[in-house]
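Working notes for the structure below.
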Amino acid sequence: MTPAYNKVHNRFKFNGLHFSHEELKEVAYSLIKEGEPFEKVTGNFLIDWLNNKDFLYVTTSGSTGLPKEIKLMKQAMVNSAIATGNFLGLKPGDKALHCLPSHFIAGKMMFVRALVLGLEIDFVEPSAHPVFDYEKTYDFCAMIPLQVKHTINHIYNMKTIIVGGSKVTKPLLEQIKHTNPKFYETYGMTETVTHVAVRSLDSKSGDKETYFNALEHIKFEKDERNCLVIHAPNLVDETLVTNDIVELKSETSFKLLGRFDNVVNSGGVKLFPEQIEEKLQPIIDERFILAGEDDAELGEKLILIVENPRDSIESITNRIKQLKGLTKFEVPKAIYTIDHFVETVNGKIQRKKSIKAVLEA
Numbered sequence: 001m002t003p004a005y006n007k008v009h010n011r012f013k014f015n016g017l018h019f020s021h022e023e024l025k026e027v028a029y030s031l032i033k034e035g036e037p038f039e040k041v042t043g044n045f046l047i048d049w050l051n052n053k054d055f056l057y058v059t060t061s062g063s064t065g066l067p068k069e070i071k072l073m074k075q076a077m078v079n080s081a082i083a084t085g086n087f088l089g090l091k092p093g094d095k096a097l098h099c100l101p102s103h104f105i106a107g108k109m110m111f112v113r114a115l116v117l118g119l120e121i122d123f124v125e126p127s128a129h130p131v132f133d134y135e136k137t138y139d140f141c142a143m144i145p146l147q148v149k150h151t152i153n154h155i156y157n158m159k160t161i162i163v164g165g166s167k168v169t170k171p172l173l174e175q176i177k178h179t180n181p182k183f184y185e186t187y188g189m190t191e192t193v194t195h196v197a198v199r200s201l202d203s204k205s206g207d208k209e210t211y212f213n214a215l216e217h218i219k220f221e222k223d224e225r226n227c228l229v230i231h232a233p234n235l236v237d238e239t240l241v242t243n244d245i246v247e248l249k250s251e252t253s254f255k256l257l258g259r260f261d262n263v264v265n266s267g268g269v270k271l272f273p274e275q276i277e278e279k280l281q282p283i284i285d286e287r288f289i290l291a292g293e294d295d296a297e298l299g300e301k302l303i304l305i306v307e308n309p310r311d312s313i314e315s316i317t318n319r320i321k322q323l324k325g326l327t328k329f330e331v332p333k334a335i336y337t338i339d340h341f342v343e344t345v346n347g348k349i350q351r352k353k354s355i356k357a358v359l360e361a
């Protein structure tokens, strides 16, 4: 029997203490009145979750467009929590660390998972370098890649970590493979109530590292653009069409190639910036993106934009020319620099605005 959204699991604990439905409301009011700014946000979410409405509004991150409020059904959030719990084998009494901001769906869902699955959740201040009890054993945690990078030497007592929000770089992936926790990269969005698919980051199997695999009751197909179409009836009523170009292995497995709106058509050759960026990661330390710039001969030419580089453009150019595995089409025709990328409120690069800022400078 599927749990209802208005129930609090009898094994749920928040920072070491069990609370009933009504007691948790008092905790929420206390956080709003007396808490730190990040605690006030959490208090407001708990009030929304514990009221009598069967829905709430969540703000998207704005990484692929303007941030917007969307309506999510609470039962869909419960269903998502159960799917994650089933995939990861989470059980009542398991200990979870929550270090994400509660502004967005990822942070909200950490609480929902705890409430629904009966987890004992420790909530710490969300930051790029979260501080928690390094000696305590945690069964489950969700982080963004930047947090993993800054806590890589302190996560030896964690069992499972899901990573999302931005790309996991190759250097970080190499570090992950030598640590104790089981790592999974997630694919999803606010509209799908966080992730609908995951892939193992530390498996030696090429398939598991390359392909995202669906959670239960979720299926995929492609549209005429080769973009992913998501069927998730337990999470969203309508079929969700994305702008993510994929290679479909099966109706439950896909490889992510890049964003449809990021594709660069250079002289009739379609280039996927995200794939080329992955190839360049080992030789560029700073954050960077690839994009297209109007070109009279090619239609579009591939360009590289690097954030506040320590090396000269000439040095970066030479390293790219010496890099094996790049085709002649994948070598940027120009390199630009920017002091700081335009970001969303949670630190994701806003590609379109950043590209526009560089090309109009």
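Mapping the sequence shown onto UniProt numbering, position 151 (from 1) lands on 151, and the numbers just tick up by one.
Heads up, the beta-carbon is just placed ideally off N, CA and C, and yes, glycines get one too.
Which stretch, first to last residue, makes up the beta strand (DSSP E) that contains residue i?
i, result
"L256", "253–259"
"S266", "264–266"
"E293", "288–295"
For residue i, list the residues DSSP reports as bridge partners.
i, result
"G35", "Paired residue(s): none; G35 is not in a bridge."
"E247", "K255"
"residue 375", "Any answer about residue 375 is impossible in this case: the structure gives the chain only from 1 up to 361."
"F14", "L17, I121"
"K270", "N265"
"K301", "E293"
What's the call for residue i, buried or exposed, on a 16-neighbour Cβ count within 10 Å?
i, result
"P181", "buried"
"T137", "exposed"
"A76", "buried"
"H178", "exposed"
"residue 364", "For the chain, the structure presents residues 1 to 361; residue 364 sits outside this window and is missing."
"T160", "buried"
"I338", "buried"
"R199", "buried"
"T92", "First, the amino acid is wrong: residue 92 is Pro here, not Thr. Exposed: under 16 other Cβ atoms inside 10 Å."
"H103", "buried"
"D223", "exposed"
"L17", "exposed"
"L359", "exposed"
"R310", "exposed"
"V58", "buried"
"N308", "exposed"
"P332", "buried"
"K7", "exposed"
"G164", "buried"
"K204", "With a pLDDT of 47 at K204, under the threshold of 50, the modelled position of this residue cannot be trusted; read the value that follows with caution. By the neighbour-count rule (16 or more Cβ atoms within 10 Å), K204 is not buried but exposed."
"I70", "exposed"
"D207", "Residue placement at D207 cannot be trusted, given a pLDDT of 46 that sits under 50; the coordinates are not used to answer."
"K33", "exposed"
"R351", "buried"
"N213", "buried"
"T327", "exposed"
"A106", "buried"
"S61", "buried"
If you follow the alpha helix (DSSP H) that residue i is part of, which residue opens it and which one closes it?
i, result
"L280", "273–280"
**Message:** Going residue by residue through the segment 188–234, where are the continuous alpha helix (DSSP H) segments of at least 4 residues, counting only ones entirely within it?
**Reply:** Counting whole runs of 4 or more residues, the segment 188–234 contains the alpha helix (DSSP H) stretches 206–210.
**Prompt:** Counting only runs that start and end within the UniProt domain "AMP-dependent synthetase/ligase" (49–200), where is the alpha helix (DSSP H) found for 4 or more residues in a row?
**Reply:** DSSP runs (the alpha helix (DSSP H)) wholly in the UniProt domain "AMP-dependent synthetase/ligase" (49–200): 74–88, 105–117, 145–151, 170–176.
**Asked** Is there contact here, the segment 168–177 with the segment 189–199, by at least three beta-carbon pairs under 8 Å?
**Response** No: fewer than three Cβ pairs fall under 8 Å.
**Request:** Jot down the residue ranges of each uninterrupted alpha helix (DSSP H) in the segment 307–361, minimum 4 residues, whole runs only, in chain order.
**Result:** Whole alpha helix (DSSP H) segments, 4+ residues: 313–322, 351–359.
**Request:** Check whether the segment 19–35 touches the segment 83–98, counting contact only when three or more Cβ pairs, one atom from each stretch, lie closer than 8 Å.
**Result:** No: fewer than three Cβ pairs fall under 8 Å.
**Prompt:** Quick check: the segment 280–290 against the segment 243–258, are there 3 or more CB pairs under 8 Å?
**Reply:** In the pairwise beta carbon analysis, the segment 280–290 is classified as not touching the segment 243–258: fewer than three pairs are separated by under 8 Å.
**Message:** Assess contact between the segment 229–243 and the segment 108–125, defined as three or more Cβ pairs (one per stretch) separated by less than 8 Å. Is contact present?
**Reply:** Segments in contact, no.
**Item:** Segment contact, 8 Å Cβ cut-off, at least three pairs: the segment 264–274 with the segment 291–300
**Value:** The answer is yes - the segment 291–300 touches the segment 264–274, with three or more Cβ pairs under 8 Å.
**Asked** Does the segment 110–117 come close enough to the segment 81–92 that 3 or more CB-CB pairs lie under 8 Å?
**Response** Short answer: they touch.
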